[in-house]
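Asker: For the sequence shown, UniProt numbering begins at 1 and goes up steadily by one.
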Amino acid sequence: MVVSRLGNMRGGLAFLVAHRARFKEAPANFKVLTPEENEQCKNRPDESPWLPRQEPGVRPSCSLPYQLYADGALDSARE
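1) In terms of residues, what are the limits of the alpha helix (DSSP H) holding cysteine 41?
2) Determine the direct distance from the alpha carbon of asparagine 38 to that of cysteine 62, and round the result to whole angstroms.
3) Taking the straight line between their C-alpha atoms, what separation do you get for alanine 21 and alanine 28?
4) Indicate the three-state DSSP secondary structure (helix, strand or coil) for arginine 22 in the structure shown.
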């Protein structure tokens with residue numbers, strides 16, 4: 001019973017977030033790149049200050065449950 005209630009709450013929350021996003025303003029904090037800046041992004045993306053960067057560090061992940069299963073047999077000719 002508890003799991004189904006949480007599942008319904010998560011779906012409702014996702015709907016509310018998506019619904020609110022419809023009414024937000026379009027992003028206006030962008031910069032039009034010059035041809036030189038565009039070339040720098042293409043040729044040396046790691047040195048470009050205009051491209052996004054991944055945050056440093058490692059985040060531990062949740063383990064995925066799985067069960068290893070194999071099925072096989074030998075016939076009388078052992079092939």
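Where a beta carbon is used, it is the ideal one built from N, C-alpha and C, also for glycine.
Answerer: According to the structure shown:
1) As a first step, residue 41 must be located in the sequence shown, where it is residue number 41. Where cysteine 41 is concerned, the enclosing alpha helix (DSSP H) stretches over 35-43.
2) Taking the sequence shown and counting its residues from 1, one reaches residue 62 at position 62. Taking the sequence shown and counting its residues from 1, one reaches residue 38 at position 38. Going by the C-alpha atoms only, they are around 38 Å apart.
3) Taking the first residue of the sequence shown as 1, we reach residue 21 at position 21. Taking the first residue of the sequence shown as 1, we reach residue 28 at position 28. Taking the straight line joining both Cα atoms gives about 15 Å.
4) For the purposes of this step, residue 22 is taken as residue 22 along the sequence shown, with counting starting at 1. In this structure, arginine 22 counts as coil in the three-state DSSP scheme.
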